[in-house]
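Sequential numbering from 135 applies to the sequence shown in the working numbering.
Glycine is no exception: its CB is placed at the ideal position from the N, C-alpha and C atoms.
This structure is a prediction, so every number in the text was calculated from the model and none was measured.
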Amino acid sequence: MVQTKAVGEVRLRDILAPVRDDLRAFRRHYRRFLRSGSFFIDQVSAYLVRSRGKELRPALTLLSARAAGAEGELSERTLTAALVVEMLHTATLVHDDVVDRADERRGRPTLNVVFNNKVAVLFGDYMLARSLEGMLAQRSLEVLDLFSDCAVRLAKGELNEAIHARTLDLDKPAYFQLVSDKTASLIGAACQMGPLSLGAPEEMRAPLREYGELVGIAFQIRDDLLDLGDGGRKLGKPTGLDLGQAKLTLPLIHTLEQLGAGKRREVLRRLKASK
């Protein structure tokens with residue numbers, strides 16, 4: 135087993151310290167926005183809120199807004215920008231858990247386990263629709279353009295991952311393109327949404343988006359490593375899912391490149407047989 139060292143909680147707290155109060159305001163805004171008037175939908179929403187993770191993406195939106203010059207109490211526009219990012223991310227996670235047949239996330243049963251696949255898929259669709267509502271509240275064509283591009287890249291990345299899991303023909307350049315779409319696109323958008331909510335110019339937004347995309351790629355590589363060791367379990371992440379589903383992660387791609395042709399064929403044969 136590969137041993138991976140989890141990122142220390144204190145270090146993450148230090149990173150988020152400048153927006154600690156902003157995150158509290160974001161959570162209040164998020165809970166208010168999620169109220170639907172439907173008892174059942176609100177029950178499902180409440181379960182997801184209780185299962186919240188590190189809130190990295192909305193935190194990056196808030197941090198980027200501060201970096202772009204936001205002072206004092208953040209506006210509802212900026213809080214809604216962070217909300218849109220989190221809702222879109224949550225929708226993708228809910229759908230991913232159904233596709234991957236995952237039964238645990240963040241140390242808690244997934245939505246598809248607590249309810250069922252049908253409810254999970256429909257609730258993911260609902261979250262996508264509510265995120266669109268939040269985008270429209272920004273009254274900005276640039277926001278819609280940013281998230282339409284992001285949504286296309288997210289879907290393309292997921293589809294390409296599913297295809298490569300069948301063909302097992304992914305190499306490193308294709309891997310980096312895939313994770314750039316599947317993971318980094320939303321984190322890049324999160325970093326651009328903060329300054330965009332302030333009306334900041336493109337020359338200020340572009341470097342933040344590039345930074346976010348690079349963070350997203352690093353985040354995915356770390357996630358690949360956590361799937362192989364016990365670090366993921368400590369963070370509430372199930373381990374071994376990627377190998378079990380024959381997903382070609384960066385560690386596996388690198389390992390296959392080091393093998394001779396015969397051993398490589400044998401590993402690929404076993405991966406195909408495990409699906």
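As the crow flies, the alpha-carbon of residue 228 is around 8 Å from that of residue 257. Contact between residue 298 and residue 217 does not hold, since their C-beta atoms are separated by about 33 Å, which reaches or exceeds 8 Å. Scanning its chain for C-beta atoms nearer than 7 Å, with the 5 sequence neighbours on each side dropped, one finds around residue 193 the residues 150, 153, 157, in chain order.
The beta-carbon distance between residue 291 and residue 266, rounded to whole angstroms, is 20 Å. This is too long to meet the 8 Å contact definition. Excluding its 5 nearest sequence neighbours in each direction, residue 196 has C-beta neighbours in its own chain below 6 Å: 153, 156, 216, listed in chain order. Between residue 346 and residue 317, the CB-CB gap reaches or exceeds 7 Å.
In summary, residue 301 is exposed, with fewer than 16 beta-carbon neighbours lying within 10 Å of its beta-carbon over all protein chains present. DSSP places residue 205 in the coil class of the three-state scheme, outside both helix and strand.
In this structure, residue 202 places its C-beta atom within 7 Å of the C-beta atom of residue 334.
When the Cα atoms are used, residue 283 and residue 289 turn out to be separated by approximately 10 Å. Annotation for residue 165: 183 place their beta carbon closer than 7 Å to its own, counting only its chain and skipping 5 residues before and after. Per DSSP, residue 153 lies in no alpha helix (DSSP H) segment and is marked neither H nor E.
Residue 383 places its beta carbon less than 7 Å from that of residue 358. Taking residue 379 as reference, the option from 391, 146, 400, 405 with the minimal CA-CA separation is 405. Excluding residues up to 5 positions away in sequence, 312, 316, 381 lie with their Cβ nearer than 8 Å to the Cβ of residue 295 in the same chain. For residue 396, the enclosing alpha helix (DSSP H) has its first and last residue at 395-408.
Ranked by how close their Cα comes to the Cα of residue 325, the residues 199, 180, 161 have 199 in first place. Apart from sequence neighbours up to five positions away, the residues of its chain that approach residue 321 with a beta-carbon distance below 8 Å are 190, 191, 194, 346, 347, 349, 350, 353, ordered along the chain. Between the C-alpha atoms of residue 393 and residue 305 there is a straight-line separation of about 14 Å. Residue 220 sits buried, since 16 or more C-beta atoms from the chains shown fall within 10 Å of its C-beta. When the Cα atoms are used, residue 212 and residue 360 turn out to be separated by approximately 33 Å. The beta carbon of residue 387 lies closer than 8 Å to those of 304, 305, 306, 309 in the same chain, with the five residues before and after it left out. Residue 407 sits exposed, since fewer than 16 C-beta atoms from the chains shown fall within 10 Å of its C-beta. Note that the C-beta distance between residue 262 and residue 225 is below 7 Å. Here residue 169 carries a coil assignment [DSSP, helix/strand/coil]. When the beta-carbon positions are compared, residue 332 and residue 339 stay at least 7 Å from each other.
The C-alpha of residue 396 lies about 20 Å from the C-alpha of residue 377.
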